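A.B. asks: Protein chains in written order, with our numbering: chain A, 2 to 132; chain B, 2 to 132. All residues carry an ideal CB built from backbone N, CA and C; glycine is no exception. All values derive from a computational prediction rather than experimental measurement. Can you keep this structure in mind? I'll have questions shortly.
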DNA sequence: AATTTGTTATACTAGTTATATAACAAATAT
DNA sequence: ATATTTGTTATATAACTAGTATAACAAATT
């Protein structure tokens, strides 16, 4: 699989797994309906404990990104299934705020930050503003 | 002071303090050269322990945003002093990435995310793209 | 029938978060 | 000069989180 763990990172392992699966879906590496590897196999793959991966999967389920079917497996939900609520939009804005504020205080310009946003979109293989 | 703590939040108190000070500086509530309140007074103000605020101040110092002078106080450094390094720009991009990716996977459009960015800039009273 | 699956439970270590108190020595205020 | 305020350092404690380790269960799959 495409997940790469940084053991030294201040980001918890289960959070790294969650993020990289989300980025994998955003990038198109995995599509809706695809099944995630079992918690045991992914854990063995990454060299981490089963419960660490399990925690990540349940975080993805709480975010509405996957559906876990007990004793069967985890499936990536479709974009239609996961309705984007106003609360989720607000949460994203709430997450963006401190990152942008820190950038500005450190001396970044609006242009620099917007340029970084385009790099992120490009990284996720999403067509940027000028389609 | 302008800081408002949410005790129930999953964001640690010291992190909430750090973020809100950064946002306060970005917003212009505090300028370079201004002195932050003493750790004891701010702690009393917020109803939290001295060490919690102290941790926040040292986080701000590590980010290069303030300068702590032992037995005197903490001063907000100027934008010239805090040089924006390439590593810092990369860090900001690294922070933006998971937020954007999650938004996309949840079904947000590029336009929606860029609109939220404008809202964040507006919230920080920074003139947006169309100056 | 055997294997794989997510679930649940228990136990443990290490680290983080937050509080509480106290003392120190330098800086500041009176 | 004296008193107060300052960040610093130290110790202790409680609650929680992160991660690992094992084990057993029952349903799903092979």
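If the criterion is Cβ atoms closer than 8 Å, does the pair residue 113 of chain A and residue 90 of chain B meet it?
C.D. replies: Numbered from 1 along the first chain, position 112 holds the residue referred to as residue 113 of chain A. Numbered from 1 along the second chain, position 89 holds the residue referred to as residue 90 of chain B. Yes, the Cβ-Cβ distance between residue 113 of chain A and residue 90 of chain B is below 8 Å.
A.B. asks: What number of angstroms, rounded off, separates the C-alpha of residue 24 of chain B from the C-alpha of residue 35 of chain A?
C.D. replies: What you label residue 24 of chain B is simply residue 23 of the second chain in a count that begins at 1. What you label residue 35 of chain A is simply residue 34 of the first chain in a count that begins at 1. Across the structure, residue 24 of chain B and residue 35 of chain A are spaced so that their CA atoms are roughly 40 Å apart.
A.B. asks: Is residue 28 of chain B helix, strand or coil by DSSP?
C.D. replies: As a working note, residue 28 of chain B is residue 27 in the second chain. DSSP places residue 28 of chain B in helix when its eight states are reduced to three.
A.B. asks: Is it right to say residue 41 of chain B is buried, meaning 16 or more other beta carbons lie within 10 angstroms of its own, or is it exposed?
C.D. replies: One-based indexing of the second chain puts residue 41 of chain B at position 40. Under this definition residue 41 of chain B is an exposed residue.
A.B. asks: Hey, which unbroken runs of the alpha helix (DSSP H) at 4 residues or more fall wholly within the region 8-67 of chain A?
C.D. replies: DSSP runs (the alpha helix (DSSP H)) wholly in the region 8-67 of chain A: 14-28, 40-47, 51-63.
A.B. asks: Buried or exposed: residue 122 of chain A, going by 16 or more other Cβ atoms within 10 Å of its Cβ?
C.D. replies: Translated into the one-based positions of the first chain, residue 122 of chain A becomes position 121. Here residue 122 of chain A is buried. Its C-beta has 16 or more other C-beta atoms within 10 Å.
A.B. asks: Run through DSSP, which three-state label would residue 75 of chain A get?
C.D. replies: Counted from its first residue, the first chain places residue 75 of chain A at position 74. It is a strand residue.
A.B. asks: When the distance is taken between beta carbons, is residue 67 of chain B closer than 8 Å to residue 104 of chain A?
C.D. replies: Taking the first chain and counting its residues from 1, the one referred to as residue 104 of chain A is at position 103. Taking the second chain and counting its residues from 1, the one referred to as residue 67 of chain B is at position 66. No, they are not a contact pair.
A.B. asks: Tell me, please, whether the CB atom of residue 13 of chain A is closer than 8 Å to any CB atom in chain B?
C.D. replies: Stepping through the first chain from its first residue, residue 13 of chain A is reached at position 12. With 8 Å as the cut-off, residue 13 of chain A does not count as an interface residue toward chain B.
A.B. asks: Taking the alpha-carbon positions, what's the residue 50 of chain A to residue 44 of chain A distance?
C.D. replies: Indexing the first chain from 1 puts residue 50 of chain A at position 49. Indexing the first chain from 1 puts residue 44 of chain A at position 43. One C-alpha to the other measures close to 6 Å.
A.B. asks: Residues of chain A with a CB under 9 Å from the CB of residue 123 of chain B: which are they?
C.D. replies: What you label residue 123 of chain B is simply residue 122 of the second chain in a count that begins at 1. Per Cβ cutoff of 9 Å: no residues; residue 123 of chain B is ~11 Å from chain A at best.
A.B. asks: Where do the N-terminal and C-terminal ends of the alpha helix (DSSP H) with residue 94 of chain A fall, by residue?
C.D. replies: Your numbering for residue 94 of chain A matches position 93 in the first chain. Segment 87-106, the alpha helix (DSSP H) holding residue 94 of chain A.
A.B. asks: Please list, in chain order, the chain A residues whose beta carbon lies closer than 9 Å to that of residue 93 of chain B.
C.D. replies: Translated into the one-based positions of the second chain, residue 93 of chain B becomes position 92. Close partners of residue 93 of chain B in chain A (Cβ separation under 9 Å): 100, 101, 103, 104, 107, 109, 113, 114, 117.
A.B. asks: Let me know if residue 5 of chain A comes out buried or exposed under the rule of 16 or more other beta-carbons within 10 Å of its beta-carbon.
C.D. replies: By 1-based counting over the first chain, the position of residue 5 of chain A is 4. Exposed, since its Cβ has fewer than 16 Cβ neighbours within 10 Å.
A.B. asks: Using 8 Å as the limit for Cβ to Cβ distance, is residue 7 of chain B near chain A?
C.D. replies: Locating residue 7 of chain B in the second chain gives position 6, counting from the first residue. No - not a single Cβ of chain A is within 8 Å of the one on residue 7 of chain B.
A.B. asks: Measuring alpha carbon to alpha carbon, tell me which residue in B:63, B:120, B:127 is nearest residue 111 of chain A.
C.D. replies: Reading the first chain from its first residue, position 110 is the one you call residue 111 of chain A. Comparing Cα-Cα distances from residue 111 of chain A to each of B:63, B:120, B:127, the minimum goes to B:127.
A.B. asks: Work out the CA separation of residue 14 of chain B and residue 7 of chain B for me, nearest whole Å.
C.D. replies: What you label residue 7 of chain B is simply residue 6 of the second chain in a count that begins at 1. What you label residue 14 of chain B is simply residue 13 of the second chain in a count that begins at 1. Cα-Cα distance, rounded: 8 Å.
A.B. asks: CB-CB under 8 Å to residue 78 of chain A, same chain, minus the five flanking residues each way: which ones, in chain order?
C.D. replies: Within the first chain, numbered from 1, the residue matching residue 78 of chain A stands at position 77. The beta carbon of residue 78 of chain A is closer than 8 Å to those of 33, 65, 66, 67, 68 in its chain, skipping five residues each way along the sequence.
A.B. asks: State buried or exposed for residue 19 of chain B, treating a residue as buried only when at least 16 other CB atoms are found within 10 Å of its CB.
C.D. replies: Working through the second chain from its first residue, we reach residue 19 of chain B at position 18. Classification of residue 19 of chain B: buried, given that the 10 Å Cβ count is 16 or more.
A.B. asks: Under the rule that 16 or more other beta-carbon atoms within 10 Å means buried, what is residue 12 of chain B, buried or exposed?
C.D. replies: The sequence position of residue 12 of chain B within the second chain is 11, counting from 1. By the neighbour-count criterion, in which 16 or more other beta carbons inside 10 Å mark a residue as buried, residue 12 of chain B falls on the exposed side.
A.B. asks: Around the Cβ of residue 102 of chain A, are there at least 16 other Cβ atoms within 10 angstroms (buried) or fewer (exposed)?
C.D. replies: Working through the first chain from its first residue, we reach residue 102 of chain A at position 101. Counting of Cβ neighbours within 10 angstroms places residue 102 of chain A among the buried residues, the total reaching 16 or more.
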